[in-house]
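Numbered continuously in the working numbering, the sequence shown closes out at residue 656.
Where a beta carbon is used, it is the ideal one built from N, C-alpha and C, also for glycine.
Below you'll find the structure, written out as structure tokens, and then a few comments.
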Amino acid sequence: MAQDAPLATATTTAAVAATSQSRDGGAAAPASAAAGDFFGEGVLFTVGQGIRRMPAAPYQRQKGDPLYRPLRIYTVDPAAARLDGAIGTINVPYEPLKPGPVGALFGVVATGAAHRSADLEDPHVLIAGGYRPSPSDPRFHHQMVYAVCANIYAAFRTALGRSLSWGFGDALTPARLLLKPHFAEEKNAYYTNEGASGAICFGYYPAPDKPTDRSLPGGYVFTCLSHDIIAHEVTHALLDGLRARFAIPSGPDVAAFHEAFADLVAIFQHFSYREVVMVGIRRCRDALDKAELLLGLARQFGHTTGQKGPLRTAIEADPAHPQQYDEDDLRQEAHARGSILVSAVFTAFVTVFRRKTERVIRLATGGSGILPPGEMPHDLQSELADRASRLASQFLTICIRAIDYCPPVGITYGDYLQALITADFDVVPDDPWDYRGALIDAFWQRNIYPRFATSLSEDALLWKEPTRPLPPVPRLDFAELRFQGDPANAASAEEVRRQACALGRYVTEGERFAEFGLVRNGDARLQGDSVGPPCIESLRTARRAGPDGQIVFDLVAEITQVRQVPACGAGPGFDYHGGCTVILGPDGRVRYLVTKSVAGHDRLQRRREFLASPAGSLYWRVQGDRYQPLSGMFRLSHLARAGSGPQTAF
Ligand SMILES: [Zn+2]
């Protein structure tokens, strides 16, 4: 796209279109608490911070508001060539903005020498589609981090069918994620969660004397101008809002999963820029698995930190011998471990892309299916680019939806495979292009499968329904739930607490405890350890649209429990989290249970080994006679990456 591309060519991702065109929120339905609504809270069960916080409040479109705000961004980074589609105009869901820009969900904080807020409501700026892309104009830096973050948020909102909340905040005001584009001179960027507030800190640094790309030797490289780094960091923040306990690295896969998931979102997002996809397809022809422009990550960062190429890539070095996952490897660095999961998902993506384009290639080659040497016809490039973009958007949605089906604590790659399969099966039961088969094969080729899987067939990988029939949860069917006009919008904090208490009373009743993977004090499996009451951590609606337009409504809840493991001959003590994710249908019936019991002896032993291992000691310290987590998991894993090779992180 040319620098002054007319606004008519602005990219509107499908997710942004869905977000912007949803109806206004309408009047809130105030919940008036009745006696008994909160019965049991604090005695039988507790209610977590995620429920006590004021839900995030995206701007509700008013009558007459525009749908979008077109803004220019770097689709890759400032060092990418103009002909590679390096500058694009994207349509961001409209909201009024204060200088910063500061909107309902994100607030850009200008700091240091570059203290110039971007005023995106200035008529001169508005008419030009935002500030002109320039590494030397800090106002453009602010515009870019805002625009990319808002677009990624829209992708999550569309995939999950609800507004997302942050993993920080308080009970009084809706939280806003702070974006600090010029935080410090360091080769790092990271998300921080301080409990009441959360921020993304972007570093900057001088390029070396001989960068291997078009960067100016000695000139400043800003991580806030890398599309991939922004997308990666805001994904950490969004995932933290969805699964707060994933910020506690309780096993070798937890931090690695965070890194892998952030990379997956960043790479799939490349496919939403048509110019970039066209160039990528033209170069790789139909071999998408070799498309470095599309599958590489953070090119300028890699080139200016001694990598001579993208910092990371989804391309396997040796496709015939893919990297192998070893669940018990306790030395592996989080990003290196994460790259195995990233390449598994992209292998599945490329497999389905081949299936879906085979016929087009045959038609274009007179039946041979073999492209002649030289440039592909433009129409064919265009057709392949469209199909790649659509498929990438579907895969991104599949990856995001699966988070709702993950356990609340201690995720493993095997869990994520089961979550992917179950979440997709729920919306697309027939799967004519066998997306799920492609995912299972790609994971299996890398030795990723659930530890206790009896087979790798689709039905064996689906999460289980309750072992015995359970009655519907009273007061949690959709007829009784209250929303802010639309199930996409979180109800008031009080209404969510009412719902959480209804679930809390239900799971603590009699024998149901065990069905939900929960344990009571005195249980012989605890070997004398004490365990806290269940905590209802979150309760959210999910509205998913399938490929045929069918809509599926569900409620997703996380319940956790903490076992106090004392110091003993086997080592220091620690808090050992368990619990379950509950998926409820719109009628209040329990559909799936994803349990991680605190009574599992095997998991306890593995946890002990992890805490004492090189990978674990990065995040945990012994204080007194107990392991305590160090604060700032994301910064720590990014710094560990820096220490493990050339000076590179994020
Ligand atoms: Zn990261």
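Tell me whether residue i sits in a helix, a strand or coil according to DSSP, three-state version.
| i | result |
| --- | --- |
| Thr311 | coil |
| Val114 | strand |
| Gly443 | helix |
| Cys405 | helix |
| Thr514 | coil |
| Ser247 | Note that residue 247 corresponds to Gly in the displayed sequence, not to Ser. If DSSP states are grouped into helix, strand and coil, Gly247 belongs with the helices. |
| Tyr152 | helix |
| Arg318 | strand |
| Val348 | helix |
| Gly584 | strand |
| Leu185 | strand |
| Gly31 | Unreliable positioning characterises Gly31 in this predicted model, as indicated by a pLDDT of 41, which lies under 50. The coordinate reading is nonetheless provided below. Correct three-state label for Gly31: coil. |
| Gly42 | coil |
| Ile235 | helix |
| Gly106 | strand |
| Trp626 | strand |
| Ala551 | strand |
| Leu303 | strand |
| Ala448 | helix |
| Ile557 | strand |
| Gln400 | helix |
| Asp338 | First, the amino acid is wrong: residue 338 is Gln here, not Asp. Gln338: coil per DSSP, three-state reduction. |
| Thr353 | helix |
| Cys507 | helix |
| Glu471 | coil |
Going by Cα to Cα distance, which pick from the options is closest to residue i?
| i | options | result |
| --- | --- | --- |
| Leu132 | Arg511, Gly113, Gly302, Pro72 | Pro72 |
| Leu231 | Phe274, Ala177, Gln306 | Gln306 |
| Arg365 | His276, Leu377, Phe355 | Leu377 |
| Val260 | Thr418, Ala62, Pro456 | Thr418 |
| Arg251 | Gly54, Gln68, Ala340, His341 | Gly54 |
| Arg67 | Ala202, Pro102, Ile96 | Pro102 |
| Val657 | Leu390, Lys602, Glu381, Ala485 | It is not possible to answer for residue 657, since the shown part of the chain is limited to 7 through 656. |
| Ser142 | Thr81, Tyr226, Ala391 | Tyr226 |
| Ala408 | Tyr65, Leu423, Gly416 | Leu423 |
| Pro328 | Arg145, Asp447, Phe263 | Asp447 |
| Glu464 | Asp436, His644, Arg78 | Asp436 |
| Gly247 | Arg59, Ala618, Ala576, Pro477 | Arg59 |
| Phe519 | Ile557, Gly534, Cys586 | Cys586 |
| Cys412 | Asp176, Ser399, Ala429, Phe401 | Ala429 |
| Glu486 | Phe431, Leu561, Tyr197 | Leu561 |
Going by DSSP, name the residue or residues bridged to residue i.
| i | result |
| --- | --- |
| Ile589 | Val562, Tyr598 |
| Val227 | Tyr211 |
| Tyr196 | Cys207 |
| Cys290 | In the DSSP output, where bridge partners are listed per residue, Cys290 has none listed. |
| Ile542 | Val53, Ile565 |
| Cys574 | Gly577 |
| Arg361 | Paired residues: none, contrary to the question. |
| Ser536 | Gln570 |
| Gly94 | Ile79 |
| Tyr74 | Pro99 |
| Glu191 | Tyr210 |
| Tyr633 | Val628 |
| Thr17 | Ile96 |
| Glu47 | Phe51 |
| Ala124 | Gly106 |
If I measure Cβ to Cβ from residue i and keep anything under 7 Å in the same chain, skipping five residues before and after, which residues do I get?
| i | result |
| --- | --- |
| Pro657 | Only positions 7 to 656 of the chain appear in the structure, and residue 657 is not among them; the question remains open. |
| Leu509 | Val479, Leu482, Ile542, Leu545, Ala563 |
| Thr52 | Pro539, Cys541 |
| Pro553 | Val434 |
Spatial neighbours of residue i within its chain, please: CB distance less than 6 Å, with the 5 preceding and 5 following residues excluded, ordered by chain position.
| i | result |
| --- | --- |
| Ala323 | none |
| Thr229 | Ala195, Phe208, Gly209, Ile235 |
| Arg156 | According to the sequence as given, residue 156 is Ala; it is not Arg. Excluding positions up to five away in sequence, the list reads Val98. |
| Ala370 | Leu386 |
| Pro572 | Gly579 |
| Lys296 | Cys290 |
| Lys314 | Thr218 |
Can you list, in chain order, the residues of its chain whose CB lies under 8 Å from that of residue i, leaving out five sequence neighbours each side?
| i | result |
| --- | --- |
| Ser388 | Met284 |
| Phe44 | Arg503, Arg504, Cys507 |
| Leu222 | Ala213 |
| Ala466 | Ala459, Thr460 |
| Val348 | Ala266, Asp269, Leu270, Ile273, Arg318, Ala320 |
| Trp439 | Val358, Arg361, Lys362 |
| Ala393 | Residue identity differs from the one stated: residue 393 is Arg in this sequence, not Ala. Closer than 8 Å at the Cβ level, and outside the excluded window around Arg393, lie Phe359, Lys362, Thr363, Val366. |
Does residue i come within less than 7 Å of chain C when only Cβ atoms are used?
| i | result |
| --- | --- |
| Gly315 | No chain C is present in this structure, which holds just one protein chain. |
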